[in-house]
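All residue numbers in the sequence shown are consecutive under the numbering used here, ending with 222. Cβ coordinates follow ideal geometry from the N, Cα and C atoms, glycine included. Presented below is the structure to which this report refers.
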Amino acid sequence: MKPLHADPRLDILFQLILLRRRRLRSGVITFRRVTPRSGAPIATIVFISLSTAQSNLEADWAVAGGGELIRQCPICLLDSIVGHGRRRKQAHDEHHDWIEIRRGVCQSCGKTITFLPLFSPPYTHYSLIARSEAVRRYFIEGCSWETAAPPVKDPNRVADPATLRRWFRSLDSSQPPFSFLRQMIANISAWLSGSETVVHSSLRLGWHSIFPFLARFWPLRL
């Protein structure tokens, strides 16, 4: 059956507080973290698009962050970004602990840019793959808070129950807790057992991608 493609107008990757969104002509999504008082940007994040294989875990998604450098500056929009070194970022899941990401600096406006793969949000320690697995284990398998933690490569970084609750509250803060989210996950489980697929850009809806899909389109996050 023909895949159902999500409306591109709903292309909201993350709604993080104090972040402003811009789209470059290359199609990547950028965010600027701003100070609440002055509004001046203090950090700029560029999310690197994943290949279809990377989006669907047929290839390592983490290598996107250390790959090709985007040259167009999201601030001044000139093709003036040059490499500014590499650093490591935590992105814990079953196959990753730390990943390598690139940084760039604009030779025109002087802004420093950090390049991230789509499955590793800024200022976080766990990948969206791990968060998706926690959703499946808790709402579908019926695991307790202690046992719903996703498997991680580093045994010292197993997520605690408070972390899982924080992840789920970012999607749904309804009362009783997660009542809307629980029903939505049940509906998605039934959908995934059928023959239709939902595709947004190169990302296919599946248990590995449930968290980024809900973070984009799920409205109950207030």
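Notebook entry, point to check: Under a Cβ-count criterion, where at least 16 other Cβ atoms within 10 Å of its own Cβ denotes burial, should Ala-62 be classed as buried or exposed?
Noted result: buried
Checklist line | Where Val-199 falls: helix, strand or coil (DSSP) | finding: strand
Check: What first and last residue would you give for the beta strand (DSSP E) that runs through Arg-88?
Finding: 81 to 90
Checklist line | Rounded straight-line distance, which links the Cα of Pro-176 to that of Gly-223 | finding: Residue 223 lies beyond the range of the chain shown here (1 to 222); nothing can be said about it.
Note to self: Going by DSSP in three states, Pro-155 sits in which element: helix, strand or coil?
What the structure shows: helix
Margin query: DSSP three-state label for Arg-137, please.
Written below: helix
Check: Once you ignore the five residues that flank Arg-204 on each side, which residues in its own chain have a CB closer than 8 Å to its CB?
Finding: Pro-3, Ser-55, Asn-56, Thr-197 and Val-198
Notebook entry, point to check: How long is the line joining the alpha carbons of Leu-116 and Cys-109, rounded to whole angstroms?
Noted result: 21 Å
Checklist line | Cβ-Cβ distance between Ile-48 and Asp-93 below 9 Å | finding: no
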